[in-house]
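Here is the structure we will look at, set down as structure tokens.
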Amino acid sequence: MNNSHLLTIDSLSYDNVMTLLHQSQKILDNKEHLFPQTRPLKDKIIVNLFLEPSTRTRVSFEIAAKRLGGEVINITGDNSSLKKGESLLDTLYTLEALGASQVVIRHSENNILGLISKENVGVRLINAGDGSHEHPTQALLDMLAIRQIKKDIAALKIVIVGDVLRSRVANSHLALFKKLGVKEICCVAPEEFMPSLPEGITSTTSLKQGLENADVIIVLRIQHERILQSSTVDLHHYQKHFCLTQENLSFAKSDAVVLHPGPMNRGIEISSEVADGPRSLIRHQVTCGVAMRMAILRAPISP
Ligand code: NCD
Numbered sequence: 006m007n008n009s010h011l012l013t014i015d016s017l018s019y020d021n022v023m024t025l026l027h028q029s030q031k032i033l034d035n036k037e038h039l040f041p042q043t044r045p046l047k048d049k050i051i052v053n054l055f056l057e058p059s060t061r062t063r064v065s066f067e068i069a070a071k072r073l074g075g076e077v078i079n080i081t082g083d084n085s086s087l088k089k090g091e092s093l094l095d096t097l098y099t100l101e102a103l104g105a106s107q108v109v110i111r112h113s114e115n116n117i118l119g120l121i122s123k124e125n126v127g128v129r130l131i132n133a134g135d136g137s138h139e140h141p142t143q144a145l146l147d148m149l150a151i152r153q154i155k156k157d158i159a160a161l162k163i164v165i166v167g168d169v170l171r172s173r174v175a176n177s178h179l180a181l182f183k184k185l186g187v188k189e190i191c192c193v194a195p196e197e198f199m200p201s202l203p204e205g206i207t208s209t210t211s212l213k214q215g216l217e218n219a220d221v222i223i224v225l226r227i228q229h230e231r232i233l234q235s236s237t238v239d240l241h242h243y244q245k246h247f248c249l250t251q252e253n254l255s256f257a258k259s260d261a262v263v264l265h266p267g268p269m270n271r272g273i274e275i276s277s278e279v280a281d282g283p284r285s286l287i288r289h290q291v292t293c294g295v296a297m298r299m300a301i302l303r304a305p306i307s308p
């Protein structure tokens, strides 16, 4: 049994998280680490198995693995035998027999990796997003980006705005921020986008109220692909009350920073002025993604 999988934030200890943050920070600080002399993944095969669309997550895992000297194979739903009915487990057994050592998986089913990991799979599994369940590497890289600017994580008020109910990113954020002892975590969303939240996390339907005293604002996309066809979303209403604009950014602290995991729908959940403005860490998040994924691929961590 391979127990070094990275499936959820809670599969990592506090120390595991701090080690990943520390290592990825070193990679960011010292650019030659991006092209290490020692290639820890030399002769290793890393498979990107993406069964849902992705740009930055897939590409950053590929760049990270290549910078560590690994060979990368990309498989999407359209070009794999999963299309012919093969189970995910059989696909993983096949990849193992072909010599893969780590498989980065994106899948539309909630917690499918948790189920698969109970089987005797000899490859390391890394969750790159499973349904609306978790996306742990995104939360970790977001924390890396936040720590560049805000040193005392425990003193922060972090606000998450958007489709919290269906966002795997938000689930991983909440677990990570709690683990790191963030002082105040507040979710802002219309009632129909708000799940029942873990203890200690506050919520409001008022963007103005939520943003008060915020140090960090994370904006999320409406997960249209996970909304039942029978329900409708009033985009005009959403945009009017929940879009992060320059005007309502002024409700937050004057040095608050803004993040978005992407892809962004400009003008719906965030204005271009904010997304491209001086308080935005959005492009820096993408850079942090490569460093964090290098740290993750390089150092399989046992929980
Ligand atoms: C997110 C995802 O796929 O969960 N994107 C990403 O990985 N950067 C967020 C989203 O799709 O809204």
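Quick note on the numbering used here: the sequence shown kicks off at 6 and runs consecutively. Think of the CB as a built atom: it goes at the ideal place given N, C-alpha and C, for glycine as much as any other residue.
In the DSSP assignment, K162 is bridged to E189.
With the rule of 3 Cβ pairs closer than 8 Å, the region 80 to 87 does not count as touching the region 127 to 139. For D135, there is no enclosing alpha helix (DSSP H); the enclosing beta strand (DSSP E) covers residues R129 to D135. Separation of L120 and C191 (C-alpha to C-alpha, rounded to the nearest whole angstrom) is 31 Å. For V193, the CB stays at least 6 Å from every heavy atom of ligand 1. For I227, the secondary structure class from DSSP, reduced to helix, strand or coil, is coil.
The beta carbon of I206 sits closer than 8 Å to the beta carbons of L179, K183, I190, C191 and C192 from its chain, once the five residues preceding and following it are set aside; these are given in chain order. Residue ranges of uninterrupted beta strand (DSSP E) with 3 or more members, entirely inside the region 62 to 136 and ordered along the chain, are 76 to 81, 105 to 112 and 129 to 135. At a threshold of 6 Å, V295 does not count as near ligand 1, since its beta carbon sits no closer than that to any of the ligand's heavy atoms.
If you draw a straight line from the Cα of T99 to the Cα of K49, it is about 16 Å long. DSSP assignment within the region 194 to 264 yields the following whole alpha helix (DSSP H) runs of 4 residues or more, N-terminal first: 212 to 216, 240 to 247 and 251 to 254.
Between I273 and C293, the beta carbon gap of about 24 Å keeps them out of contact (Cβ cut-off 8 Å). When rounded, the separation of the alpha-carbon atoms in L73 and L185 is 28 Å. DSSP places N270 outside both helix and strand once states are collapsed to three, so it counts as coil.
In the three-state DSSP reduction, L11 falls in the strand class (E or B).
Of the residues G267, A296, L302 and E278, the one whose Cα lies closest to the Cα of I287 is G267.
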